[in-house]
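Participant: Structure incoming, see below.
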Amino acid sequence: MNKFSWTVLPVASALLVCNPAHGASGKQSSPQVIEIHAKKFGYSPAEITLHKGKTYKLHLTSDDVEHSLRIREWNLNAEMNSGQFDDVLITPDKAGDYVADCGHYCGTGHKSMKMAIHVVDK
Amino acid sequence: MKSYSISLKLSLLLLVVTGCRATAPGAFHRTAVNWVKHHVTVGGRNEKNPLAPTKQNIEDGKQAFDSYCMVCHGLDGQNTGVPFAATMSPPVPSLASAEVQAYTDGQLEYIIQNGIYPSGMPPSKDQFSDEDIWRMVLYIRNLPKAGSLGDPAVYGGSAK
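Chains as they are written, first to last, in our numbering: chain A, 1 to 122; chain B, 123 to 282.
As structure tokens, then:
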């Protein structure tokens, strides 16, 4: 496997896997960026509202230790590391209320680390 | 009177020193306590795991296990690389052992939730959600080959 395959394909695959409706995302060229910080033991912002069918780029980082943003219904568990940003594209295809939590044990408040995600119709 | 007092103090000191030393429990002690745990004190016998043993759920259980439980149980759940596992009293059991695997899923979930006495197993219900604990149970039912994951980094291993 050449260098291109090792570097580009995993990123592309990750974006597809993390995208609950990746088939609809190709129509938008510049998705709205939402910057999300994780810090013991919460997320900032703690609540976001998304529009169904619209593609967003989640710009993820941690302000302290290793965390993740996990949304089970979307098969998403994105790393959130200190000192770097990682991007995940999502296109929610179903309206509803979702709860994200941390998929990395991060200390005594790990269980309480939650973020509310509301997906509304346009 | 003075010699009596000194003797009493020495006796108490001896009792404390020998009585508090962590030594391996004898065969009778181990068998009796194991029976009591399985049949009397550990609850949840009839609870069923609400999660299916899918590849993803087992992997998620492994991830939770490897971030917390591995300190005592090793990455593989079989104490690999844990320097004190054999010298604790009672010793940390291999989770692949017949003794542990004989618990029902509900009992394993109960133990992770509430800890288990007498042992060093602490309660973890304040650390993980119910679902994450059930995923750990799935991982315990599907452990890898002993030693295959290496030693935890915290004990000088390269595995993380």
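Virtual Cβ for every residue (Gly too), placed ideally from N, Cα, C.
DSSP state of Ile262 (chain B), grouped into three classes?
Facilitator: Of the three classes helix, strand and coil, the one that applies to Ile262 (chain B) here is helix, per DSSP.
Participant: In this structure, how does DSSP classify Tyr125 (chain A) when only helix, strand and coil are distinguished?
Facilitator: Only positions 1 to 122 of chain A appear in the structure, and residue 125 (chain A) is not among them; the question remains open.
Participant: Around the Cβ of Ser25 (chain A), are there at least 16 other Cβ atoms within 10 angstroms (buried) or fewer (exposed)?
Facilitator: At Ser25 (chain A), the pLDDT of 44 sits below 50, so the modelled position is not reliable; the number obtained from the coordinates is stated separately. Under this definition Ser25 (chain A) is a buried residue.
Participant: Mind checking Phe187 (chain B): buried by the 16 CB within 10 Å criterion, or exposed?
Facilitator: Buried, since its Cβ has 16 or more Cβ neighbours within 10 Å.
Participant: Give the residues of chain B in contact with His110 (chain A), contact being defined as C-beta atoms less than 7 Å apart.
Facilitator: The answer, in chain order, is Gln249.
Participant: Indicate the three-state DSSP secondary structure (helix, strand or coil) for Leu230 (chain B) in the structure shown.
Facilitator: Correct three-state label for Leu230 (chain B): helix.
Participant: Buried or exposed for Ser82 (chain A), please, with buried defined as at least 16 other CB atoms from any protein chain shown within 10 angstroms of its CB.
Facilitator: That one is exposed.
Participant: Does the beta-carbon distance from Val88 (chain A) to Ala116 (chain A) come in below 8 Å?
Facilitator: In this structure, Ala116 (chain A) does not lie closer than 8 Å to Val88 (chain A) by Cβ.
Participant: Interface residues of chain A around Ala186 (chain B) at Cβ under 7 Å?
Facilitator: Result: Tyr105.
Participant: Considering only the beta carbon of each residue, do Ser44 (chain A) and His37 (chain A) sit closer than 8 Å?
Facilitator: Result yes, Cβ atoms of Ser44 (chain A) and His37 (chain A) sit closer than 8 Å.
Participant: For the beta strand (DSSP E) holding Gly96 (chain A), just list the boundary residues, first then last.
Facilitator: Here the beta strand (DSSP E) through Gly96 (chain A) covers 96-101.
Participant: I want to verify the contact list: residues of chain A whose CB lies under 8 Å from the CB of Ser189 (chain B), in sequence order.
Facilitator: Under the 8 Å cutoff, chain A gives His104, Tyr105.
Participant: Measuring CB to CB, does Leu260 (chain B) end up less than 8 Å from Leu173 (chain B)?
Facilitator: Yes; because the gap between Cβ atoms is below 8 Å, this pair is in contact.
Participant: What separation, rounded to the nearest whole angstrom, lies between the Cα atoms of Pro147 (chain B) and Gly165 (chain B)?
Facilitator: About 24 Å.
Participant: Establish whether the CB of Gly26 (chain A) and some CB of chain B are separated by less than 8 Å.
Facilitator: Note that Gly26 (chain A) scores 46 on pLDDT, short of 50, meaning its location in the model is unreliable; the coordinates nonetheless yield the value given after this. It does not; no Cβ of chain B falls within 8 Å.
Participant: Starting from Lys57 (chain A), trace the beta strand (DSSP E) both ways and give me its first and last residue.
Facilitator: 56-62 is the span of the beta strand (DSSP E), which, as asked, contains Lys57 (chain A).
Participant: From B:Ala154, B:Asn264, B:Tyr190, pick the residue whose C-alpha is nearest to that of Thr108 (chain A); which is it?
Facilitator: With distances taken between Cα atoms, Thr108 (chain A) lies closest to B:Tyr190.
Participant: For Thr145 (chain B) and Pro213 (chain B), what's the separation of their Cα atoms in angstroms?
Facilitator: The straight-line gap from Cα to Cα measures roughly 9 Å.
Participant: Could you tell me whether the Cβ atoms of Lys159 (chain B) and Ile238 (chain B) are closer together than 8 Å?
Facilitator: Result yes, Cβ atoms of Lys159 (chain B) and Ile238 (chain B) sit closer than 8 Å.
Participant: Within 8 Å (strictly less), CB to CB, does Asp121 (chain A) reach chain B?
Facilitator: No, no contact with chain B.
Participant: Quick one: is Thr176 (chain B) buried, meaning 16 or more other Cβ sit within 10 Å of its Cβ, or exposed?
Facilitator: It is exposed - the Cβ of Thr176 (chain B) has fewer than 16 other Cβ atoms within 10 Å.
Participant: Against chain E, does Gly103 (chain A) count as a neighbour if the rule is that its beta carbon must be under 8 Å from one of theirs?
Facilitator: Given the protein chain composition of this structure (A and B), no chain E is represented.
Participant: Taking the alpha-carbon of Gly279 (chain B) as reference, which of B:Ser270, B:Gly203, B:Gln178 has the nearest alpha-carbon?
Facilitator: If we check each option's Cα against that of Gly279 (chain B), B:Gly203 comes out closest.
Participant: What first and last residue would you give for the alpha helix (DSSP H) that runs through Lys184 (chain B)?
Facilitator: 177-190 is the extent of the alpha helix (DSSP H) around Lys184 (chain B).
Participant: Lys125 (chain A) bridges to which residues according to DSSP?
Facilitator: This structure cannot settle anything about residue 125 (chain A), because the visible part of chain A is limited to 1 through 122.
Participant: For Asp182 (chain B), which residues in the same chain have their Cβ closer than 8 Å to its Cβ, ignoring the five residues on either side in sequence?
Facilitator: Contacts found: Asp254, Arg257.
Participant: Could you give the distance in angstroms between the alpha-carbon of Val33 (chain A) and the alpha-carbon of Gly103 (chain A)?
Facilitator: So the two alpha carbons sit approximately 22 Å from each other.
Participant: Grouping DSSP H, G and I as helix and E and B as strand, with all else coil, what is Val155 (chain B)?
Facilitator: Of the three classes helix, strand and coil, the one that applies to Val155 (chain B) here is helix, per DSSP.
Participant: Put Ser127 (chain B) into one of helix, strand or coil per three-state DSSP.
Facilitator: Reduced to three states, the DSSP call for Ser127 (chain B) is helix.
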